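To start, the structure under review is shown below, and the notes come after it.
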Amino acid sequence: MSINYKIIFHFFGLLLLFNGGFMLLSTLISLIYDDGVTLKLFMSGMAVLLMGAFLMLITKDHRKEMNKREGYMVVTFGWIVMAISGALPYMVTGVIPSFTSAIFETMSGYTTTGATIINDIEVVPKGVLFWRSTTHWIGGMGIIVLAIAILPLLGIGGMQLFAAEAPGPSADKLHPRITDTAKRLWLIYFGYTAAETVLLKVAGMSFFDAINHAMSTISTGGFSTKNTSIAHWNDQPIIQYIIILFMFLAGTNFVLSYYAFKGNVQKALKDEELRWYFKFIASFTLIAALTIYFKADLSLSSIDHPMVWGRAESSVRHALFQVLSVITTTGFITADYTLWTPLLIVFFFGMMFLGGSAGSTSGGVKVVRHLILIKNGFLEFKRALHPNAVLPVRYNTKAIPGVVVYNILGFFILYMLSFIVGALGFSFFDIDFKSSVGLAASSLGNIGPALGAFGPVNNYAALPPLAQWWASFLMLLGRLELFTVLILLTPFFWRNR
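Set out below in structure tokens:
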């Protein structure tokens, strides 16, 4: 069957309408704060809206059928379309005049990576800063899932898109209709964002800072309105504890949040991945906090802010914040953890490969995949001793089909190969070893802060233009969990069947 290109471009038009609409919202913020770029943002939004309307108009007679091939194309190329159109506000306003750097910043936003090439964030017009955070918020739950919520108006089913957007080991839906699933997930997503905004405002942030950081936290993105990120509020621990809470929630499976809100808390608490997610965070925080307390010099890494509640509290808070920030791939910082101890540098680098829960907005490999890999590894010892025994891998007391285990093994191998190739790619641009491996792990895991020259207190402005394109590709590859992008590079995908 030939590819239905008309429905693909029709969907691109829909995505552009979304993008343009959110740009106009940023225009309103610009108008309220009178930041001098209102007209430019308005022109950007209208241009994107018109482009979207034009694409939808010329493809209105499309065949309303979508198979998996079209689903993969819409997701992958849809993100690219959004990144290209989303770069327009940066270039038109002159905040990022370079097309390459604007694409990098936008791809970093939509993939919720949080890496930036902007040297002085605090002088950027508020309308542009809001747009920057909005790219996180849109990308956090997935542009495609957002669009699925209104696809019934077009007479198009959305299951193929959902499978391509969320290719994790399980497809736990809240409702038989995928559109209702998307709506429920977005309702929870919006509710968390609103709740964090209110709490941060009450805790002492300005409303503008509060809503921007809420959007970045819930999306596990990491863009901040301050040059020193969350370290700007190191003298206000309550703000950091609020962000800690919502980073934890953003890194959990949103389906479990839905069950909890419906009153089925026990079902959420019995989830094996959630329990191990909590155990990983608790144990890693304990290790980091003890190391910081006894060995690290917090005065060097806390970015010019004093410890306010004693060394023990500061050690635990910084440890918990940075562990959550890395595991959930949010990328906020309260301190330069690369200055603590060599042990913690390696420790945090290792956590870049963990990731949050499946069904969350975080990147990385995901906790459930690690659990199944570890369980399968232990079972291999038993199988060696008892070759005729039937020993299935169990998750949440249920046996996991062998094909799922093989899929996870394949994913992990591809992930590590992508990391190695990613690091080789950065080294090709004469970037040193430490920085190259840090950049590859950070870009692929959608984390943000890397190591070496691109560590927590540095940005990506020094990255060569071609390296920015390479990093952007790795961000997209990691955000769409490898298969969705790599399948497009195989020759059999394009053969008519």
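In this note's numbering, the protein residues as written are 18 to 514. In this text, a Cβ means the ideal position worked out from N, Cα and C, and glycines have one as well. Quick caveat, the model's predicted, so the values are computed rather than measured.
How close, in whole Å, do the beta carbons of K312 and T358 come, if the pair is a contact with beta carbons under 8 Å? 5 Å
Does the segment 126-143 come close enough to the segment 468-484 that 3 or more CB-CB pairs lie under 8 Å? yes
G69 vs G37 beta-carbon contact at 8 Å: yes
Helix, strand or coil for Y412, going by three-state DSSP, please let me know. strand
Complete alpha helix (DSSP H) runs within the segment 29-102 (minimum length 4 residues, chain order): 55-75
From E122, G427, S459 and P418, residue whose alpha carbon lies closest to that of F436: S459
Burial state of K284, where buried means 16 or more other Cβ atoms lie within 10 Å: exposed
With H, G and I counted as helix, E and B as strand and the rest as coil, what does DSSP make of P142? coil
Secondary structure, beta strand (DSSP E): runs of 3+ residues fully inside the segment 382-436: none
Quick one, which of E289, R334 and R292 has its alpha-carbon nearest D252's? R334
Distance check for V215 and I256, CA to CA, integer angstroms please. 11 Å
For L178, name the three-state secondary structure that DSSP assigns. Here the model assigns L178 a pLDDT of 49, short of 50, so the residue's position is not dependable, and the following value carries that caveat. Note: L178 maps to helix in three-state DSSP.
Meets three-Cβ-pair contact criterion under 8 Å: the segment 345-354 and the segment 369-380: yes
When the Cα atoms are used, what is the spatial distance from G381 to I259? 23 Å
Exposure label - K296; buried when at least 16 CB within 10 Å: exposed
Between which residues of its own chain and S444 is the CB-CB distance below 8 Å, once the five residues before and five after are set aside? F450 and S453
May I have the straight-line CA-CA distance separating N393 from L74, to the nearest angstrom? 51 Å
In the DSSP assignment, find the unbroken alpha helix (DSSP H) run with R512 in it and report its ends. Neither: R512 is in no alpha helix (DSSP H) and is coded neither H nor E.
Out of S377, S274 and F301, point me to the one whose CA is closest to G157's CA. S377
Inspect the CB distances between the segment 33-50 and the segment 88-106 and report whether three or more fall short of 8 Å. yes
Closest by C-alpha distance to G53, when choosing among I24, V109 and N84: V109
Go ahead and label E572 buried or exposed: buried means 16 or more other beta carbons lie within 10 angstroms of its beta carbon, across all protein chains shown. Nothing about residue 572 can be read from this structure; the chain reaches only from 18 to 514.
With 16 other Cβ atoms within 10 Å as the buried cut-off, status of W154: buried
Cα-Cα separation between F28 and V91, rounded to whole angstroms: 7 Å
Can you list, in chain order, the residues of its chain whose CB lies under 6 Å from that of L431, leaving out five sequence neighbours each side? L499
Nearest-angstrom Cα separation, counted from I205 out to M40: 23 Å
Measuring CB atoms only, is the segment 215-234 touching the segment 107-124, in the sense that at least three cross pairs come out at less than 8 Å? no
Could you tell me which of I389, N424, S19 and L491 sits nearest to R86, measuring between CA atoms? S19
Excluding the 5 residues preceding and the 5 following L48 in the sequence, name in chain order all residues of the same chain whose CB lies nearer than 7 Å to its CB. T55
To the nearest angstrom, report how far apart G469 and Y354 are at their CA atoms. 11 Å
I173 versus K81: straight-line alpha-carbon distance, rounded: Interpretation of I173 is limited by its pLDDT of 44, a score under 50 that renders its predicted location unreliable; the figure taken from the coordinates is listed afterwards. If I take the Cα positions, the gap works out to 6 Å.
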